[in-house]
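Undergrad: Protein chains in written order, with numbering that gives the first Met the number 0: chain A, 0 to 467; chain B, 0 to 282; chain C, 0 to 475. Just so you know, even glycine gets a beta-carbon here, dropped at the ideal spot from N, CA and C. Just so you know, these numbers come straight off a predicted model, no measurement behind them. Supplied in structure tokens, the structure appears directly below.
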Amino acid sequence: MSDLSQLLDNDPVVATAGTDMLADSIEQQGSPVARADWRPPAAGTEAALAALATDGHMPDANATAIGKMLAVRPYLVDVAVARDAFPDMTDRTFLHAGPPLEWERASGPMQGAIIGAMLYEGLANDPEDAAAKAARGEIELSPCHHHGAVGPMAGVTSPSMPVAVLNDAAGDGVSYSTLNEGLGKVLRYGAFGPEVVDRLHWMDSVLGPVLGAVLKSRGPVDLQSLIAQALQMGDDGHNRNRAVTSLFLREIGGALVDGADAPVDQRAEVFKFIDGNDHFMLNLVMAAGKLGSDAASGVPASSLVTVMARNGTDFGIRLSGTGDQWFSAPAPPVEGLYLGSYTEDDASPDIGDSTITETVGLGGFAMAAAPAIVGFVGGTAAGAVRRTLAMYEITMAEHPMYQIPMLEFRGTPTGIDAARVVRTGVMPQINTGVAGKVPGTGMVGAGLVEAPMECFVQGINALAANLS
Amino acid sequence: MIPARAVDAHPTPAPTRVAGVASTAIYGLLSVPGTTATVLGTSGHAVWLLVNDDIVVVSTSDATRLPNGVQIAATAADDAFRMVHHGAEVQMGFGRIMLEGLTVNVVRWWDPRPVLREISPSMLAAAIEGLPSEVPDVASQQLRAALSTGSPVALLAAAKPMLGKGPGLTPEGDDYLAGALAATRLLGTAVASTTATTLLASIAVHLARLADARTTTFSAALLRNALRGQVVAPAASLLRAFTGRGDVAPAHRVLSAVGHSSGPALAAGIVLGAQALIAQSAK
Amino acid sequence: MISRVEIHPGRYHDSVRLMQASKALQDVAGVTDALVAMATELNLSLLGEMGFDMDAVAGTGPNDLLLALRAESEDAIAVAHAVLDDALTHKVAPSGGLDAPEPKTVGSAASVNTANVVLLSVPGEHAFVEAMEALQNGQHAMIFSDNVPIDQEIILKKYGVDHDLLVMGPDCGTTIINGVGLGFANAVQPGSVSMVGASGTGIQQMCALLDDAGVGVLHALGTGSHDLSEEVGAASTLQALAALDADPATDVIVVISKPPAAPVADKVRRAAAECAKPVVITFMGESTLEEGAGEVLAKLGKSQTSYGSWVAPNGDHRPGLVRGLFSGGTLRDEARFVGMPLLGEIGKREGEAGHTFVDYGDDEYTQGRAHPMIDQTVRIERLAAAGQDESIGVILMDVVLGYGANADPAAELAPVIAEVVASGAAVVVSLCGTRGDPQGRDAQAMALNKAGATVFLSNAAAALEAARLATTRTSV
């Protein structure tokens, strides 16, 4: 290497951070200059950032971690029953979204979903009974993320529910998610009425087995390829999954019509159900993300964000270099548009594991691909592009498969670097649904939300403390 | 009532003033006050000016730095030359060029002649090993022989059919020849070849006259620069790399990417010039 | 079949564009042959070989654009013209509305223009993280910021040395690379003298003196004010010295620093002795910059010169102390070094008894303000106060020109200088600038001189004159 001779043999090309006067004077000399709109890092991270810079392993560690995240090839391989899929699950285990949580601190929609799942499992006679039992500690709550799983909104997963099983074709990862119930009064928004419980029974007796038979008949479904196509058809993978759901239905159409070992009326019911639910694929996109997130976790000194998840009370993140540790802060309210006569006062704080999509370069990070949803979450098409562009500042890579037509097929900003978040103050942009805060209400709106800085501040400090 | 004086609805905006960085090779052209130049052409990257019988190129900072160039900090994306028209007359002097809508004030100068450290012919041979020294459709044997033997008559004879050969602003034959001449001049000094220096000194005037007659003014200007060892910046980097400053492969790649045929022809000419010097030293 | 040959006189296009245009024409339906090229002799003969009518090209020259088309119809010819115009005039449309947001870190800014040097002037406590990122990205770092902890400076410089990257600073005020000034720097003519300096104003003074002597400067690598401390051990200075010694375009090297720690000074001297090129060392307290410049001229085989001065009309001035009002630390130190043999002890802080030479660029006086080279408010106030102070006989001040400095310092100073001179004190200005500086060196000198100041380009000469005036009272 002879960098120093190269410095002397050519005119310098300069980038500046700090006073504009210095950049101006370079331009006065006819030389180009690139300026950073620099700002101090988040308070309380200065020492940690310096320690990480001194250590010097972070850049390589991040390259390793993001490489692992991008290398996964998620395939939907099977549909199993939760109690069989999760070895640690007892008859009284209920998985939920976000970081760990106790019943007492649970939000309205989370409590509602747990009540609904208890009724569905036959562990309580009525909602009051369920709430009392949960309060007495008769059930065990555990985050989906601790079991290789993810769930949208409340994310409540109980032993009898069917779960999708995803394999990483490029590695040995496995991930799981519940199947999507559709919109309206649904468990994940905290609704627990009879129609909710009835639908859950139909899902375990018809939807799960039929899908399992379809997969057995046609073989695994390449989800990454479907998601990549869907981004070019106006999906973001979080709030708009209409295209990917359509593509999925085409993908399994043949086997569903002819091949799956299931009664014809059930196959017709499944077709109608998926066709009627634009969000059917959300859960599978999330599970695909979880594969990438798990593959990338556990790289020492890496500041890659592997998990962002909310339980309606707390917003939690995990970093690759700090493994299973959660860094949590109060879940922020969602700024958005409300359905009917609902207002902000009816809204629960941010909830759900669906932020796994933003963690892997989809959702709010891919918003420029999905102008159709900007009205839904309250924004403008230009604003959507700006949001996506802003995310390149805090991400490590451009996704090789997920591309945005409007940005000349640039890859989506993928792999959040917590160090860059605290240094720049640029917060991960999330678009999300909003649940009503009263148990049983369901969905009240949708909107945009930023991850809280506090999580990242904790995470960076823990990462620095972990350095040997 | 006094009739209102007709007011131009679109008054010409004051020209933007920017700093420029210029090659010392055109110090004279830029300094003389009261010079009028003609805009020969313009693109997003550059404006070509005909100044008397010479050429000055004003370009953006992302364009290749030319030995007869003035660069401004803006890039092509800034569209700085949008108001400049082909055929326009432009005033210049005292280091200032008054283009339409853009006044360039030269605040800094650079020397387009790289200073090369001394090296042995064997080191040079190792540095150029494997690099192409031929371009398709241009016969090189005469030129190679002329440079190796140091014969002025043979060199002029070899140069004649190359001048103006090929499409473009700098025809490929001219680039090839310019590369060979610049290498002879610069590497000739680096390997202390007096033959090379004498050779170029004796043909300089004749070759310049020949070039004026047979090729584009722009290309002829670059050939005169080459005779003096003044080259485009990526060629300077390649020549430095031959003397052990920087890596040869990336420098060769960068030069080869210049223009369509210009860069590769220039690079091949430089390698040919180097080979001739090595052949000369073996005698 | 229709043949058409056209000449567009004096229309220039680069070869890439012509190739693209030719290709585009050949793709036009109905066009069978197309040639777009500059009308050189060879291209004209090619035209003949293609069987085109040569009459149309009589009298054309190589600066003309040649267009030859053979097509099945006039329509095809018309389309070809439209295609050609488009191909030759197409400009990239600006990406309105989709512009990326401004980069937030110097790392992402550097990726915008593939920078090889980052220039940091962020608060000192934050400079390390940005600088380290730059180094890890393979970029050289100039750290203008001060107050970077010394252990962080050591880590940065060790990384730089290990990876052949130069760390200029922290507290590096001036660097020049290939004539491009970063920070406070003067416009220099191209030349073959290069410098390594732990002192920004030291570099600027050397540039000014060499410029006045008609000598150009190639590089001036600032290394930061702490580089020659024992802890840092001249890490960057030694690295820069070796790089300049290996630079074929550099003929003479100058090393400039405030007085370094003794063992470090020895280390630098040994390294300089090992250089293949002549090295002039100017350590404040051992020699002046003017002496250093003289040595450079000698190494270049040039005759010695006397540096420019603009002497105020001989007038009486009141007896009294010398008050030095400086914006450059090194210029202050040099003035003390020159002045003490004549004046005795000279204080460095305001309020000390006797003569005082104060550096208003010191942190103490810059709280919440720009550097006094930019913002002269504090010095102007002190200048006016000194004029009112009967105990002061002579005021010595530096005025530093160049990129980054105040756009017209003389205009702000002149009225105050005139008042001070009228009140009976003498004003001596050390004007540090080159002829190419944007402020106009000579115009600044004349404006200051007209106001009544004696102006010297050499700081040492200015200090000597101030001391002389204070010790040998001039009379008419």
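Check each candidate in V17(B), M82(B), L198(B) and name the one with the smallest Cα separation from G102(B).
TA: Taking the first residue of the second sequence as 1, we reach residue 102(B) at position 103. Correcting the residue type first, residue 102(B) is Thr in the shown sequence and not Gly. Checking every option, the nearest Cα to that of T102(B) belongs to V17(B).
Undergrad: Would a C-beta distance cut-off of 7 Å place V114(B) and A425(C) closer than the cut-off?
TA: For the purposes of this step, residue 114(B) is taken as residue 115 along the second sequence, with counting starting at 1. For the purposes of this step, residue 425(C) is taken as residue 426 along the third sequence, with counting starting at 1. Contact: no.
Undergrad: Return the residues of the segment 19-41 of chain B that lie within a Cβ-Cβ distance of less than 8 Å from chain A, sorted by chain order.
TA: Those would be G19, V20, in chain order.
Undergrad: Since G439(C) and A207(C) are thought to touch, with beta carbons under 8 Å apart, how far apart are those beta carbons, to the nearest angstrom?
TA: Taking the first residue of the third sequence as 1, we reach residue 439(C) at position 440. Taking the first residue of the third sequence as 1, we reach residue 207(C) at position 208. Not confirmed; about 14 Å, so no contact.
Undergrad: What residues of chain B sit near V178(C), judged by a beta carbon separation below 7 Å?
TA: Here residue 178(C) refers to the residue found at position 179 when the third sequence is read from its first residue. Reading the sequence as shown, one finds Gly at residue 178(C) and not Val. Per Cβ cutoff of 7 Å: R107, W109.
Undergrad: Identify the continuous alpha helix (DSSP H) that holds T470(C) and give its terminal residues.
TA: For the purposes of this step, residue 470(C) is identified with residue 471 of the third sequence, where counting begins at 1. Start and end: 458-470.
Undergrad: Considering N276(A), what are the terminal residues of the beta strand (DSSP E) in which it resides?
TA: In the first sequence, the residue the question calls residue 276(A) occupies position 277. Segment: none, N276(A) is in no beta strand (DSSP E) and carries neither H nor E.
Undergrad: Give me the chain E residues within the contact set of Q135(C), using Cβ-Cβ distance strictly less than 8 Å, ordered along the chain.
TA: Although the question refers to chain E, the structure presented lacks it and instead comprises the protein chains A, B and C.
Undergrad: Closer than 8 Å between beta carbons: that is the criterion. Which residues of the segment 140-162 of chain C meet it against chain A?
TA: Here the close residues are F143, S144, Q151, I154, Y158, H162.
Undergrad: Near A469(C), which residues of its chain fall below 6 Å by C-beta distance, leaving aside the five closest residues on each side in sequence?
TA: Position 470 of the third sequence, counted from the start, is the residue given in the question as residue 469(C). Hits under 6 Å: V321, G392, V393.
Undergrad: According to DSSP, simplified to helix, strand and coil, what is E117(B)?
TA: Residue mapping note: residue 117(B) aligns to position 118 of the second sequence, counting from 1. If DSSP states are grouped into helix, strand and coil, E117(B) belongs with coil.
Undergrad: Within this structure, are the beta carbons of A311(C) and T173(C) separated by less than 7 Å?
TA: As a working note, residue 311(C) is residue 312 in the third sequence. As a working note, residue 173(C) is residue 174 in the third sequence. Taking 7 Å as the Cβ cut-off, A311(C) and T173(C) do not qualify as a contacting pair.
Undergrad: Can you find at least 3 beta carbon pairs, one from the segment 275-294 of chain A and one from the segment 201-212 of chain A, that sit closer than 8 Å?
TA: Judged by Cβ distances under 8 Å, the segment 275-294 of chain A makes no contact with the segment 201-212 of chain A, as fewer than three pairs qualify.
Undergrad: Comparing alpha-carbon positions, which option in P412(A), P142(A), V298(A) lies nearest I350(A)?
TA: Taking the first residue of the first sequence as 1, we reach residue 350(A) at position 351. Here the closest residue by C-alpha is P142(A).
Undergrad: Going by DSSP, which residues form a beta bridge with W37(A)?
TA: Taking the first residue of the first sequence as 1, we reach residue 37(A) at position 38. DSSP, once it has assigned bridges, lists no residue as partnering W37(A).
Undergrad: Does the beta-carbon of I152(A) have 16 or more other beta-carbons within 10 angstroms, so that it is buried, or is it exposed?
TA: The sequence position of residue 152(A) within the first sequence is 153, counting from 1. Before going on, a small fix: residue 152(A) reads as Met here, not Ile. With 16 or more Cβ atoms within 10 Å of its Cβ, M152(A) is classed as buried.
Undergrad: Give every residue of the same chain whose Cβ lies closer than 6 Å to the Cβ of S301(A), excluding the five residues on either side of it in the sequence, and list them in chain order.
TA: The sequence position of residue 301(A) within the first sequence is 302, counting from 1. Here the set comprises A60, N61, A64, S319, G320.
Undergrad: Any idea if S119(B) is buried or exposed, counting beta-carbon neighbours within 10 angstroms, 16 or more meaning buried?
TA: Taking the second sequence and counting its residues from 1, the one referred to as residue 119(B) is at position 120. So S119(B) ends up on the exposed side.
Undergrad: Could you tell me whether any Cβ in chain A is nearer than 7 Å to the Cβ of A72(B)?
TA: One-based indexing of the second sequence puts residue 72(B) at position 73. Yes, A72(B) counts as interfacial toward chain A.
Undergrad: Tell me which same chain residues have a C-beta within less than 8 Å of the C-beta of A13(B), skipping the five on either side of it?
TA: For this step, residue 13(B) is matched to residue 14 along the second sequence. So the list is empty, once near-sequence residues are dropped.
Undergrad: Cβ closer than 7 Å: which chain C residues qualify as neighbours of V114(B)?
TA: Counted from its first residue, the second sequence places residue 114(B) at position 115. Here the neighbours are P247, A248.
Undergrad: With 7 Å set as the bound, which would you pick, yes or no: does the beta-carbon of S60(B) sit closer than that to a beta-carbon of chain A?
TA: Stepping through the second sequence from its first residue, residue 60(B) is reached at position 61. True, the Cβ-Cβ gap to chain A drops below 7 Å.
Undergrad: Residues of chain A with a CB under 7 Å from the CB of G163(B): which are they?
TA: The residue given as residue 163(B) occupies position 164 in the second sequence. What G163(B) touches in chain A: nothing, since even the nearest Cβ is about 32 Å away.
Undergrad: Using a Cβ-Cβ cutoff of less than 7 Å, which residues in the same chain neighbour S44(C) once the five nearest sequence positions on both sides are dropped?
TA: The count along the third sequence starts at 1 and reaches residue 44(C) at position 45. The answer is none, since no qualifying residue turns up.
Undergrad: Taking only beta-carbon atoms, is A3(B) less than 7 Å away from chain A?
TA: If you number the second sequence from 1, residue 3(B) lands on position 4. The predicted model places A3(B) with a pLDDT of 45, which falls under 50 and marks its position as unreliable, so this point remains unresolved.
Undergrad: Go ahead and label H200(A) buried or exposed: buried means 16 or more other beta carbons lie within 10 angstroms of its beta carbon, across all protein chains shown.
TA: Here residue 200(A) is taken as the residue at index 201 of the first sequence, counted from 1. It is exposed - the Cβ of H200(A) has fewer than 16 other Cβ atoms within 10 Å.
Undergrad: Write down every uninterrupted run of the alpha helix (DSSP H) in the segment 168-219 of chain B whose length is 4 residues or greater and which is fully enclosed by it, in chain order.
TA: Those alpha helix (DSSP H) runs which fall completely within the segment 168-219 of chain B and span 4+ residues are 171-189, 193-213.
Undergrad: So, is the C-beta of A273(B) closer than 7 Å to a C-beta in chain A?
TA: In the second sequence, counting from the first residue as 1, residue 273(B) sits at position 274. Closer than 7 Å: no.
Undergrad: For the segment 329-399 of chain C, list the alpha helix (DSSP H) runs that are entirely contained and at least 4 residues long, ordered along the chain.
TA: Runs of the alpha helix (DSSP H) inside the segment 329-399 of chain C: 362-365, 376-387.
Undergrad: For M280(A), does the count of other Cβ atoms within 10 angstroms reach 16, so buried, or fall short, so exposed?
TA: As a working note, residue 280(A) is residue 281 in the first sequence. Buried, since its Cβ has 16 or more Cβ neighbours within 10 Å.
Undergrad: CB T194(B) to CB G268(B), shorter than 7 Å?
TA: Working through the second sequence from its first residue, we reach residue 194(B) at position 195. Working through the second sequence from its first residue, we reach residue 268(B) at position 269. For T194(B) and G268(B), no; Cβs fall outside 7 Å.
Undergrad: Give the single residue among A45(B), V55(B), L98(B) whose Cα lies nearest to the Cα of A76(B).
TA: By one-based count along the second sequence, residue 76(B) stands at place 77. Here the closest residue by C-alpha is A45(B).
Undergrad: Taking one C-beta from the segment 62-75 of chain B and one from the segment 19-36 of chain A each time, how about it: are there three or more such pairs within less than 8 Å?
TA: With a cut-off of 8 Å, the segment 19-36 of chain A and the segment 62-75 of chain B count as touching, because enough Cβ pairs lie within range.
Undergrad: Answer with yes or no whether the minimum CB distance from D416(A) to chain C is below 7 Å.
TA: Position 417 of the first sequence, counted from the first residue, corresponds to residue 416(A). Not an interface residue.
Undergrad: Output yes if chain B places a C-beta closer than 7 Å to the C-beta of E40(C); else output no.
TA: Residue numbering aside, residue 40(C) sits at position 41 when the third sequence is read from its first letter. Yes, E40(C) lies at the interface with chain B (some Cβ there is under 7 Å from its Cβ).
Undergrad: Does the beta carbon of P262(C) sit closer than 7 Å to a beta carbon anywhere in chain B?
TA: Taking the third sequence and counting its residues from 1, the one referred to as residue 262(C) is at position 263. False, the Cβ-Cβ gap to chain B never drops below 7 Å.
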